[in-house]
Amino acid sequence: DEPIDFLLMCDEPACTISMSVNDEPGNPEGFNDLPFYSNIITYSSSDLAGNVSEPFEKRIFNENEKTVVICDLTFEEISGSDTVIDNSAYNNDAAVYYGTLYDGHSDNGLIFNGSDTYAYINLKNDDEAGLELFNALSMSVWVNPLNNGSDTTIYSDGFVKISRNGQNLLKISISEKEYETNLRLPSDRWTNLAFNYKSSLFKLYINSEELYSIEAAPVPTSIDGVYLGANGTDTIGRFNGVIDDFKLYYT
Numbered sequence: 013d014e015p016i017d018f019l020l021m022c023d024e025p026a027c028t029i030s031m032s033v034n035d036e037p038g039n040p041e042g043f044n045d046l047p048f049y050s051n052i053i054t055y056s057s058s059d060l061a062g063n064v065s066e067p068f069e070k071r072i073f074n075e076n077e078k079t080v081v082i083c084d085l086t087f088e089e090i091s092g093s094d095t096v097i098d099n100s101a102y103n104n105d106a107a108v109y110y111g112t113l114y115d116g117h118s119d120n121g122l123i124f125n126g127s128d129t130y131a132y133i134n135l136k137n138d139d140e141a142g143l144e145l146f147n148a149l150s151m152s153v154w155v156n157p158l159n160n161g162s163d164t165t166i167y168s169d170g171f172v173k174i175s176r177n178g179q180n181l182l183k184i185s186i187s188e189k190e191y192e193t194n195l196r197l198p199s200d201r202w203t204n205l206a207f208n209y210k211s212s213l214f215k216l217y218i219n220s221e222e223l224y225s226i227e228a229a230p231v232p233t234s235i236d237g238v239y240l241g242a243n244g245t246d247t248i249g250r251f252n253g254v255i256d257d258f259k260l261y262y263t
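78 is the number that the numbering used here gives to position 66 of the sequence shown; each next residue is one higher, with no gaps.
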């Protein structure tokens, strides 16, 4: 909603300028109110003869706040039998332990057997990745859990943990303090889970709708790694089901 000033020049005596503004890549999947880090301005010109120039794109950044995808896992294939390649610019690949590909939310996903399987993302530090320390952490993931009647961990980064209890209700742990919710995560159905954690406000989204928020400990200035399907290397409470399309954002 911020105004943007443009100076457009055309070297023809008469021409038409066409311009469109697209918030590509758009709001991150799973969120309905989290601004992305930039807009794409696309414009082209045409002369009186109807000749249209090649479109030109310009990225316009939000000067105050930039949200960057630091990890993007689509689980389309497992490279070398134990690695899922990160599609972001930061090479935060996931090491997969005892996991195999299965029908995902979009094409393939990673199936977790509830006992051995987990994935670990060793996040690059600031010097390696060229990232500034963040003031907000956001995550989005598609999950399709099986009904196993026990607590299972979906996401854990050493500070935030999202899990599902034996009654299929979501639980949140922040800085080792647990918060119970009445939000049900159904079995045998794809659901998008997402959170935005800024300052000390934690917001949880289900299928892009904010359904839970809590004031908690201040967001950490960095995290070292992320576990999917496990709470660290703990063998208790590992996820049973399929995970797909995981994205992690720094702001």
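Glycine is no exception: its CB is placed at the ideal position from the N, C-alpha and C atoms. It should be emphasised that the depicted structure is a prediction, and the values quoted were computed from it without experimental measurement.
Cutoff 6 Å; reference PHE258; Cβ partners in own chain excluding five residues on either side: LEU85 and VAL153
Best match in GLY253, TYR102 and GLY237 for proximity to THR129 [C-alpha to C-alpha]: Of GLY253, TYR102 and GLY237, the residue nearest in Cα terms is GLY253.
Any 3 or more C-beta pairs closer than 8 Å across the segment 167 to 174 and the segment 218 to 225: no
For GLY241 and PHE124, believed in contact at Cβ under 8 Å, the rounded distance: 4 Å
Local conformation of THR129 per DSSP, three classes: coil
Collapsed DSSP secondary structure at TRP154 in the structure displayed: Strand at TRP154.
N- and C-terminal bounds of the beta strand (DSSP E) containing SER91: Where SER91 is concerned, there is no enclosing beta strand (DSSP E), given that its DSSP letter is neither H nor E.
Pair within 8 Å by beta-carbon distance, THR265 and SER150: Missing from the structure shown is residue 265; the chain here goes from 13 to 263 and no further.
Enclosing beta strand (DSSP E) for ASN258 [first to last residue]: Note on identity: in this sequence residue 258 is Phe, with Asn being the wrong assignment. Note, PHE258: beta strand (DSSP E), 252 to 262.
8 Å Cβ cutoff, ASN120 in contact with chain D: No chain D appears in the structure shown, which is made up of a single protein chain.
Inter-residue spacing [alpha-carbon to alpha-carbon] between SER185 and VAL64: 55 Å
Cβ distance (whole Å) where VAL172 is taken to contact TYR209 below 8 Å: VAL172 to TYR209, Cβ: 7 Å. Contact.
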